[in-house]
Structure formats: C-alpha cells, structure tokens
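These notes concern the structure reproduced below.
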Amino acid sequence: MKNTFFKETVFLFIFTLIFNFHASAFVETKSAPNFIVLLVTGINSTQFIFKGNGEKGTDISDIPNYVKKYPFGDLQGYLENDLGLKGYVHAYCFSERDGTVTLQGKELGDPNHSNQAYINGGKLHRIMGDNKELLSNDTHITDKISGESTGKGNSWFKQAREDFIDWYAKEKNIRKENIPESVIPKRYIIIAHSMGGISARSYLSSDYYQNDVDALITIDSQHLGADGALALKHIYEFYRDNKDIECIGQLIGIAFAAQITYKTTGFEPFQKVALYSAFCAPLMGAGRAVLDDILLKGFLGWYPDQPGVQDMDPQSDFFKELNSKDFIKGNAPLKVRFIYGDGIPTPSGEIPYNRYALGLETIQTVLTSPYINDLPLDSKLMAVYASIALGTIVNQTGDIYARRDSQRGEGLTSLRAPNIDLKTFGYTFDEKGNGLLSDLIMGACTASAALETLSVILPPPAVAAAQVGAFLTCGAGAYSIFQNRLNNFLSGHGIMLRKCYEEKLIDKALEDIVLVGGNNAIHALGFSAPSQTFALLSNLNKDGSDAGTYHTVTIETVTESPNSDQAAPIEFNGQKKWVSGVMVKEPPTALKGVINTFLPKKLKSFEYSENFAAWKTIPLVDEWGNFTVSGLNFAEGQNVITFRGESWIGNKLNQILTITVNTIPILPSQFSPTPNSYTAENQPEMSVVFSRAIHSNNPPEFKKETVILRNETTGQEWDITNDAKMIQLSKDAHSEKIKIIYTPPVSLPDGKYILKVVVSG
Numbered sequence: 033m034k035n036t037f038f039k040e041t042v043f044l045f046i047f048t049l050i051f052n053f054h055a056s057a058f059v060e061t062k063s064a065p066n067f068i069v070l071l072v073t074g075i076n077s078t079q080f081i082f083k084g085n086g087e088k089g090t091d092i093s094d095i096p097n098y099v100k101k102y103p104f105g106d107l108q109g110y111l112e113n114d115l116g117l118k119g120y121v122h123a124y125c126f127s128e129r130d131g132t133v134t135l136q137g138k139e140l141g142d143p144n145h146s147n148q149a150y151i152n153g154g155k156l157h158r159i160m161g162d163n164k165e166l167l168s169n170d171t172h173i174t175d176k177i178s179g180e181s182t183g184k185g186n187s188w189f190k191q192a193r194e195d196f197i198d199w200y201a202k203e204k205n206i207r208k209e210n211i212p213e214s215v216i217p218k219r220y221i222i223i224a225h226s227m228g229g230i231s232a233r234s235y236l237s238s239d240y241y242q243n244d245v246d247a248l249i250t251i252d253s254q255h256l257g258a259d260g261a262l263a264l265k266h267i268y269e270f271y272r273d274n275k276d277i278e279c280i281g282q283l284i285g286i287a288f289a290a291q292i293t294y295k296t297t298g299f300e301p302f303q304k305v306a307l308y309s310a311f312c313a314p315l316m317g318a319g320r321a322v323l324d325d326i327l328l329k330g331f332l333g334w335y336p337d338q339p340g341v342q343d344m345d346p347q348s349d350f351f352k353e354l355n356s357k358d359f360i361k362g363n364a365p366l367k368v369r370f371i372y373g374d375g376i377p378t379p380s381g382e383i384p385y386n387r388y389a390l391g392l393e394t395i396q397t398v399l400t401s402p403y404i405n406d407l408p409l410d411s412k413l414m415a416v417y418a419s420i421a422l423g424t425i426v427n428q429t430g431d432i433y434a435r436r437d438s439q440r441g442e443g444l445t446s447l448r449a450p451n452i453d454l455k456t457f458g459y460t461f462d463e464k465g466n467g468l469l470s471d472l473i474m475g476a477c478t479a480s481a482a483l484e485t486l487s488v489i490l491p492p493p494a495v496a497a498a499q500v501g502a503f504l505t506c507g508a509g510a511y512s513i514f515q516n517r518l519n520n521f522l523s524g525h526g527i528m529l530r531k532c533y534e535e536k537l538i539d540k541a542l543e544d545i546v547l548v549g550g551n552n553a554i555h556a557l558g559f560s561a562p563s564q565t566f567a568l569l570s571n572l573n574k575d576g577s578d579a580g581t582y583h584t585v586t587i588e589t590v591t592e593s594p595n596s597d598q599a600a601p602i603e604f605n606g607q608k609k610w611v612s613g614v615m616v617k618e619p620p621t622a623l624k625g626v627i628n629t630f631l632p633k634k635l636k637s638f639e640y641s642e643n644f645a646a647w648k649t650i651p652l653v654d655e656w657g658n659f660t661v662s663g664l665n666f667a668e669g670q671n672v673i674t675f676r677g678e679s680w681i682g683n684k685l686n687q688i689l690t691i692t693v694n695t696i697p698i699l700p701s702q703f704s705p706t707p708n709s710y711t712a713e714n715q716p717e718m719s720v721v722f723s724r725a726i727h728s729n730n731p732p733e734f735k736k737e738t739v740i741l742r743n744e745t746t747g748q749e750w751d752i753t754n755d756a757k758m759i760q761l762s763k764d765a766h767s768e769k770i771k772i773i774y775t776p777p778v779s780l781p782d783g784k785y786i787l788k789v790v791v792s793g
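Everything in the sequence shown is counted per the numbering used here, starting at 33 for the first residue and increasing by one.
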C-alpha cells in the first residue's frame, strides 16, 4: 500500500532592526510629500516673522524697526529652499494677534469657525505706543489696522490645502481639477513659535480636532505657562508706583547697604555684585532706554491686559484646563518635538517680600536660587541686574521670556501617554552673547574699590553722592558696550527662530529613525509616486520559467511583535501592524518598499546586500521614498538581505531581512502502514502525523482538505474525507502536531493501494 503526501511552499520573511524603541510610543518618519507644513505664530506676530523680515508689512509702532535691527532669520525660506519643501509650507495670521488662545485654536482648525486665515496682520487689542507714557498711564492706544482676511472663511488647515492645490497646478502646469487626489497631502505638520505652540495644543486637545496632525514641533513655547506674563503684572505695577528719582534713591541705598555688608561679613564678591547692580540700574530710572528695550525686545510688545497674555499666565484658568486634558484628542499617535532656548536669565514671576525696598533682599533671593547655577557668569550678573531694575525675581534659565522647564513641558503628565512620541532639542546661548562681559565687570569692580575708600572718610550722604557720580562715569561710559551686547540677551526668544535651523534643530525634529516599511494593501507594481507600497513580487511561472511581468506574491499570514525591536511598520487593509515575520506560498524575486525618511531625495546613501555579497546602490528612490530591489534569487533555506543607509542629517539605517524559503511547511511522519510495504491485514488502520515545520506565534488552523483511497490494481477510487478522523496531538508555537486516521469499515480485497492526504495550514 503506497502513501503519497502533497506539500506546500512557504516563504518566511523576518525583519531584524538594530535599534530599540517601544513600538506603541513610536511614530515612524514619513516622507515630506505626505504633509503640509503649517507655521503658527506667537502673540502679536504675523506670518512675516518666519520670512526673514519680522513684522514687515505692518504699521505697528516701532516693532518693525527692532525686528529689522535684530532679525529672526528666515525659517520659511530654509524649509522651502534648503529642504526643498516649496509649495508645502504655509503661514497665516490670526484675526486677533493678541487674542485668546482658545480663539486662535479655533481659527487653526474648527470647521464651524469662519474668517480664520488672515494674510496681512490681524487686529491687536493693544500696541506699544509711547513707552514712557504707558509706564505711568493706564491707557493704551487701540490698533486701527484690522488686517486682510483671505475672504474665504477657511480654517488655516483648509486654506493651506487650497493654497497647495493652487501652487501645484501652477508648478505642474495642469488644471486644478486634474490634480490626482493622491498627491494632495491629507496630513499636517505644525511648526509653532511661542504662544503659537499653545494655540496648536488647544486645537489638538479640542472636541473639534479633525485627526489630521502627525507632528507638533514647538519652538520656545511655554507649555507650563509663561512666568513672563505673570512678571509683566509686577513690572508695570512697580514702574507705575515708583518715580525715577525714587528708584535712584532706593538703588543708592543698595550700594550703601552693600558697604555695610562687606564690613560686617567680609563677603567681597557679594559686595561687588551689589555695587555692579547699583551702577547699571539707575540708568534705567534716568533714561528708560534699557527698560524700553526689555519691554519691547524681551517681551515682544506684550502688555498684561492683552487677552493672550492673560491666558499665558501659569495661574490662569485656561492653563489649568489645558494641562488637565489629554495632549491630543483620541488615541492616534502624535510625534511631539520641543525645541527650547536656554542660558538666558528668565523671570520666575516671583516678587521680593518687600519689593519697594528692593536692595539686598532681591539680590539674596536671586543669588540663593537653586536655578541660578544653571546660568553662565554674565547671565548671573544680568539676572541680579534685571531683578532690581524690573522689581520681579529673574532667577530662572531659559530664553528671557520662557523658562527652560516650561519649554520642555517638564512634569506634564499628558506627555506620558502611550500614543505620544516626545523628544526635546535645545540651544544654549553662550555667555559671551548674553550681554554684560568682563569689561563691564571690571568697571564695576574699579568703582567698588573707590567707594570702599570713600566710605571710610565720608558720611553716608556724601558716599551716596559719590556712588551716583561713579555710576554716571562708569555706567554711562560703558553703556554703548552694554547696548551692543544686549541684542542676543533680549531677543533670545525670537532669535531661536533662526537658531533652530542654523543649529539643525528643526532638521532633527523633522527626521528620526530611518527604516523600511509600506502599505501592503496597495498592490501597485509600477512607480506610482504616492503609492508607498510594501509588496513582495515575482516574475516566475509555477514551473520556474520567466513570466515576463511581475505579479504580487500574496502575504498569507503575519507575525506581529508590537513591543519588539525586530518589528517593521506595515499597513494591512488600513491597519498598521508592527511585523516581525510574514508567510507566502511562493518565493519572491523582487521587493518593493518605502524607506521612511522625511527627505528621501536627500539620502546620503542607500544600499542593499543579498546573502552578504557586495553592496549595491538602490537606484531611483523617489521623493515619496519608494524603491524596488529586483533580481533576488532565494534558495531553499535561509537567505539574508541587508539594507544600510544614511539620512541627510546623519541618521543611520541598518536593517536585516532574514528570509527563509521552506518548501515543506508541513512535515509528514509516523506512517502506518509504512509506505511501499506489505501487510496481511485487510482492514488496516491507516494513519499519518503532520507537524508544522515553521515556528509562528499566530499560525492558521490545520485543515483536512481531502483524503482519497485508490486501488491501483482496479483503478477504483473512494473519497473518504468525511470518514477519516483528524486528531490534535499537540498545539503550541514550537510544536504543533495532528494525526489523520482511517480504518476501512470492511475488508479490502488484495491489491496495491494509494492513500492521498491533503492538509493545509
């Protein structure tokens, strides 16, 4: 009796990635054409702040003059020209540039809110006007410029999509109605500065969020609130309650108190710092030039009664509600990148116990702060100086307006959600760029020594007069140096717009781990740019001959490893899976995939090696990251394809695809009777055991397809499928066995028999 057992061909495809990540909190990089990049401004700003000319095009007080003098760079130009994103980057202006954060969030993406996208300056509730008058007067000048709306009532997202379509039609010289829907981006990346990042968060966490954002990149945004907004209240109260001459008198008292401190404690460094502060601060009271610079440059024209400023107060109801919500509405993954500025003394919002007395208490509060040691030397001195001048404690490190921990969102519990992929990138302003350098320090020390001598021979009033004279000589003489060094210090919050691309921080935020993946639901065989397909292909017929064209090799089953560092992102019928293995029924001769990197055309290198042969360059990687490797020749057993590459910012790809071709996926054994043997039993029990030959975490069920008994002598054949039994012997991922058993109900006549059993699984 002869037994014949048919076999199936199974192809095993396993990814091994030599980096680690937790897949549930990881968002892979997609190529740039998948996205529209939306630039979102901070308070009081227009979209021109991203274009290298700040507030150019508006007529708002003297803000344009300072932006021209201290430019914030050309972030939009960098994205469009250096990174090749022209047509994909769009920026607008809020209808109320200092309006509430909630209003601005609605203008970004609420489809039920109208007239959101402005193209030339929205309305301001307050503007700068005469700084001196504002310091002692509660009135403000109302801005009469209402700005220019797009007139379409579109949200920023919708307007950006329409503007992209207009650009694409012009760029490709085709009619808008003929643009393939597949090339129009459906997803967005938000790059937001300052309060713009909080406006974006307001949209992401709202009930009207449209689930259309893949990444949020914020630059110097105040995720825990802006202590500068709180400090503004104290600053204005302080200067409305203290006249110039009173400030000078108090500051003179500081210097005198410093002399007493030195004589009683011998703490000379403290005495020098106190005197140094006394030298500089009266200039503020006398001329107000430095104060104007701080209010205009450091706080970008903010006023404490502007709606947006009130929202940004860390103690505001708005921030309490925002930071109690999930970071994003729903469970969709979101890439979050925080770019922060550091190294500049920043207000904490705290005021001295007795602010109007000023003096030693303020200095001691600043110098004993646990944060002060994070600042460079010059910044420590500036922190003391600014605390006395402004009447509020300046003892944090940041960018003068936003504290570092607030920019980084430290302690924000919503960032710990499994769908949030968070990274931070920082730039520290060096101490040489932070204002007061050693030449001023030396001047202060010289005057300190002179006053120490005077205090021995003169009564206190005379010492006070000498101190004022010393300041007018030393302080005023060094003011030009001070002014020249003040720009980076006071403009740090805005200068970060330039630093973020000069230091390649924006590049790092846009690009991450490079890896191969794709969409298996799309079986496009050619190079259709937006297809982004992952497919296994073959150009062979069943007999091994050349078919002339490629066909898709169907992936039958997959092994998922959602928390494994050996997983690859492949989409199946709209559902992304982190796949460590796949099964097919025939070996492929080509592989079509997508290299997930933001700028595939800027790859420094991309190569593959088959079974450890010489490296070959992968040609024709398009802007979407599509590529095809052909001419694969997989032998029986294990094969290896290795990919290696490097992105434009130096991120490395090292990916190993271990491919096992096994043409015997189900192994038969334990035949009874033994094949090609003789038996004297005319009613023999016929059986065979089948074992799964390939390990799988989620194998398909074994299925008894057909069981046929044939008498070779007479040619008679019986279908005994329903009569044969299938018994499960064992079932686990490493050892799964079944047994097929058949016993004839009657005695069989003598002859030669073949039992044909077909089992799938």
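Idealized CB from N, CA, C, for every residue including glycine. The structure displayed is predicted, hence computed values, not measured ones.
Residue i versus residue j - alpha carbon distance
i	j	result
Thr584	Asp578	15 Å
Arg676	Ser187	42 Å
Glu463	Ile527	Confidence at Glu463 is low in this model, with a pLDDT of 48, below 50, so the placement of that residue is unreliable and no value is reported for it.
Val791	Asn551	31 Å
Cys532	Gly663	44 Å
Glu203	Lys367	30 Å
Val693	Gln687	19 Å
Tyr241	Gln191	16 Å
Leu12	Asp246	The shown model of the chain, from 33 to 793, leaves out residue 12, and the question about it has no answer.
Ser63	Asn665	30 Å
Asp575	Ala622	18 Å
Phe359	Gly458	21 Å
Pro212	Ala667	41 Å
Thr297	Phe370	A caution first: Thr297 carries a pLDDT of 39, below 50, which makes its placement in the model unreliable, though a value can still be read off. The straight-line gap from Cα to Cα measures roughly 45 Å.
Gly747	Tyr785	10 Å
Trp647	Leu635	16 Å
Leu780	Lys788	17 Å
Ser356	Ala123	29 Å
Ile627	Val121	23 Å
The alpha helix (DSSP H) enclosing residue i, as first and last residue numbers
i	result
Leu537	Leu537 to Leu542
Arg436	Arg436 to Gln439
Tyr433	Unbroken run through Tyr433: none, as it is neither H nor E.
Leu140	Val133 to Gly141
Tyr235	Met227 to Leu236
Phe189	Trp188 to Lys204
Limits of the unbroken beta strand (DSSP E) element including residue i
i	result
Gln760	Lys757 to Ser762
Ser719	Met718 to Arg724
Tyr582	Asp578 to Val585
Trp680	Taken as a continuous stretch (DSSP letters only), Trp680 belongs to no beta strand (DSSP E), as it is neither H nor E.
Phe703	Ile698 to Ser704
Ala567	Ala567 to Leu572
Pro601	Ala600 to Phe604
Burial state of residue i, where buried means 16 or more other Cβ atoms lie within 10 Å
i	result
Leu652	exposed
Asp198	exposed
Pro339	buried
Asp764	exposed
Ile206	exposed
Glu209	exposed
Lys412	buried
Lys164	Residue placement at Lys164 is flagged as unreliable, the pLDDT there being 31, under the threshold of 50; a coordinate-derived value is accordingly withheld.
Asn595	exposed
Asn754	exposed
Trp610	buried
Arg219	exposed
Phe644	exposed
Gly105	buried
Distance between beta carbons of residue j and residue i, contact taken as under 8 Å
i	j	result
Ala261	Asp345	5 Å
Leu547	Ala600	7 Å
Phe80	Leu140	Rounded, the Cβ-Cβ distance is 18 Å, inconsistent with contact.
Gly109	Phe196	Between Phe196 and Gly109 the Cβ distance is about 18 Å, and since that is not below 8 Å, they are no contact.
Checklist entry - Could you give the uninterrupted runs of the beta strand (DSSP E) lying entirely in the segment 345 to 382, keeping only those of 3 residues or more? => result 366 to 374 and 376 to 379
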